[in-house]
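Those sequence lines, one after another, are chains A and B. Going by the numbering used here, the first sequence opens with residue 17, and the numbers climb by one from there. Going by the numbering used here, the second sequence opens with residue 477, and the numbers climb by one from there. Don't be surprised by glycine CBs; every beta carbon is placed ideally from N, CA and C. Step one of this worksheet: look at the structure below.
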Amino acid sequence: GENVEQHPSTLSVQEGDSAVIKCTYSDSASNYFPWYKQELGKRPQLIIDIRSNVGEKKDQRIAVTLNKTAKHFSLHITETQPEDSAVYFCAARSGAGSYQLTFGKGTKLSVIP
Amino acid sequence: DTAVSQTPKYLVTQMGNDKSIKCEQNLGHDTMYWYKQDSKKFLKIMFSYNNKELIINETVPNRFSPKSPDKAHLNLHINSLELGDSAVYFCASSQERLTNSPLHFGNGTRLTVT
């Protein structure tokens with residue numbers, strides 16, 4: 017089955033700096049890679065996703081890059097703000113009909129004002 | 477207009493009891509899931525149902541029994557609760573007929589077993 021490794025487990029940045037979270041996956045058939053943000057006491061919410069036919073995707077201050085050859089993908093947050101503080105999860109899935117997202121273990125991001 | 481709703485939000489019970497968590501989605505999705513999030517925040521899939529049929533049944537004690545009366549509902553019944561069952565349980569749904577449909581999570585049920 018799929019195995020997703022996520023690093024770092026904790027990350028502290030100064031407000032305004034950039035944050036980068038990296039994930040690797042094991043199943044070369046995986047073709048869907050979402051990122052979820054979970055604020056304290058709340059549910060995980062999708063913030064951005066990327067499919068295997070795309071190398072990079074951007075949405076305002078967040079971007080995700082995918083390297084299929086190396087089997088890794090990354091989340092980039094620029095101009096971080098205190099409200100970006102949360103736990104971020106990467107995930108991977110082997111395509112339609114797989115029915116299962118495998119999650120990384122999460123990164124706790126703290127943005128220091 | 478909550479898309480995925482689960483009840484109760486909090487559940488405190490004693491060891492050995494039996495409890496149920498209910499989940500409903502109004503997104504018209506064909507697949508529903510139960511995930512367990514432990515104290516270390518790991519999100520681990522427990523079950524997946526597609527059109528009321530069990531698709532995924534991870535290594536979960538058979539004290540946990542999911543039931544899907546229809547596509548919009550997936551309930552979780554837990555027998556003989558143990559201390560280690562304490563966690564947050566998230567229901568989720570997706571539309572698997574569409575390639576790579578994202579998961580939509582409910583707000584979670586915090587189960588505390590004393």
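Our contact map puts residue i next to residue j with C-beta atoms below 8 angstroms; I'd like the distance itself, whole angstroms only.
| i | j | result |
| --- | --- | --- |
| Ile-128/A | Gln-30/A | 5 angstroms |
| Leu-27/A | Thr-123/A | 6 angstroms |
| Tyr-509/B | Cys-567/B | 7 angstroms |
| Gln-22/A | Ile-521/B | Not quite, the Cβ-Cβ distance comes to about 16 angstroms (not below 8 angstroms), so this is no contact. |
| Val-564/B | Thr-585/B | 7 angstroms |
| Ser-90/A | Ile-37/A | 7 angstroms |
| Ser-541/B | His-549/B | Not really, about 14 angstroms apart at Cβ, beyond 8 angstroms. |
Can you grab the Cα-Cα spacing for the pair residue i / residue j, in whole Å?
| i | j | result |
| --- | --- | --- |
| Ala-112/A | Lys-516/B | Below a pLDDT of 50, predicted positions are generally treated as unreliable, and Ala-112/A, at 48, falls in that range; the measurement from the model is reported next regardless. Roughly 29 angstroms separates the two Cα atoms. |
| Leu-62/A | Arg-539/B | 31 angstroms |
| Val-131/A | His-92/A | The first residue shown for chain A is 17 and the last is 129, placing residue 131/A beyond what the model contains. |
| Ser-110/A | Asn-47/A | 6 angstroms |
| Glu-558/B | Asn-533/B | 20 angstroms |
| Ser-68/A | Lys-485/B | 36 angstroms |
| Lys-58/A | Val-70/A | 30 angstroms |
| Thr-507/B | Pro-60/A | 18 angstroms |
| Val-488/B | Ser-496/B | 12 angstroms |
| Ile-531/B | Pro-98/A | 40 angstroms |
| Ala-86/A | Gln-513/B | 29 angstroms |
| Pro-578/B | Gly-560/B | 29 angstroms |
| Phe-518/B | Leu-56/A | 14 angstroms |
| Glu-500/B | Tyr-104/A | 25 angstroms |
| Gln-490/B | Tyr-511/B | 22 angstroms |
| Phe-523/B | Lys-84/A | 28 angstroms |
Please go through the same chain and pick out, in chain order, the residues whose beta-carbon is closer than 7 angstroms to the beta-carbon of residue i, but skip the five residues on each side of it.
| i | result |
| --- | --- |
| Lys-498/B | Gln-482, Thr-483 and Asn-551 |
| Glu-141/A | The structure shown does not extend to residue 141/A, since chain A is modelled only from 17 through 129, so no value can be given for it. |
| Ser-562/B | Leu-587, Thr-588 and Val-589 |
| Ala-35/A | Leu-27, Val-29, Ile-93, Thr-96 and Leu-125 |
| Ile-64/A | Trp-51, Lys-73, Asp-75, Ile-78 and Val-80 |
| Asp-33/A | Thr-96 |
| Gly-492/B | Ser-556 and Leu-557 |
| Asn-583/B | Gln-482 and Lys-485 |
| His-505/B | Ser-569, Ser-570 and Gln-571 |
Within a Cβ cutoff of 6 angstroms, which residues of the same chain sit near residue i, ignoring the five residues on either side of it in sequence?
| i | result |
| --- | --- |
| Ile-66/A | Phe-49, Lys-73, Val-80 and Leu-82 |
| Asn-555/B | Asp-494 and Arg-539 |
| Cys-106/A | Gln-22, Cys-39, Trp-51 and Gly-120 |
| His-88/A | Thr-40 |
Which residues in the same chain have their Cβ closer than 8 angstroms to the Cβ of residue i, if we skip the five residues on either side of it in sequence?
| i | result |
| --- | --- |
| Leu-503/B | Ala-479, Val-480, Ser-569, Gln-571 and His-580 |
| Lys-528/B | Ser-544, Pro-545, Asp-546 and Lys-547 |
| Ser-25/A | Lys-121, Gly-122, Thr-123 and Lys-124 |
| Pro-537/B | none |
In chain A, which residues lie with their C-beta within 7 angstroms of the C-beta of residue i?
| i | result |
| --- | --- |
| Phe-566/B | Arg-59 |
| Ile-521/B | Gln-116 |
Using the beta-carbon of each residue, which ones in chain B are nearer than 7 angstroms to residue i?
| i | result |
| --- | --- |
| Leu-117/A | Leu-579 |
| Asp-65/A | Pro-578 |
Give me the chain B residues within the contact set of residue i, using Cβ-Cβ distance strictly less than 9 angstroms, ordered along the chain.
| i | result |
| --- | --- |
| Val-103/A | Lys-517 |
| Leu-82/A | Under the 9 angstroms cutoff, chain B gives no residues; its nearest Cβ is about 13 angstroms from Leu-82/A. |
| Leu-91/A | Here the premise fails: no neighbours, minimum Cβ distance about 15 angstroms. |
| Leu-125/A | Those do not exist, as Leu-125/A stays about 12 angstroms from chain B at its closest Cβ, beyond 9 angstroms. |
How would you list, in chain order, the residues of chain B whose beta-carbon sits under 8 angstroms from the beta-carbon of residue i?
| i | result |
| --- | --- |
| Pro-50/A | Pro-578 and Leu-579 |
| Gly-122/A | Lys-517, Phe-518 and Leu-519 |
What does residue i touch in chain A if you count any residue whose Cβ is under 8 angstroms from its own?
| i | result |
| --- | --- |
| Asn-583/B | Lys-58 and Arg-59 |
Those runs of the beta strand (DSSP E) which lie wholly inside the stretch 494 to 524 of chain B and span at least 3 residues: Residue ranges of uninterrupted beta strand (DSSP E) with 3 or more members, entirely inside the stretch 494 to 524 of chain B and ordered along the chain, are 495 to 501 and 507 to 513.
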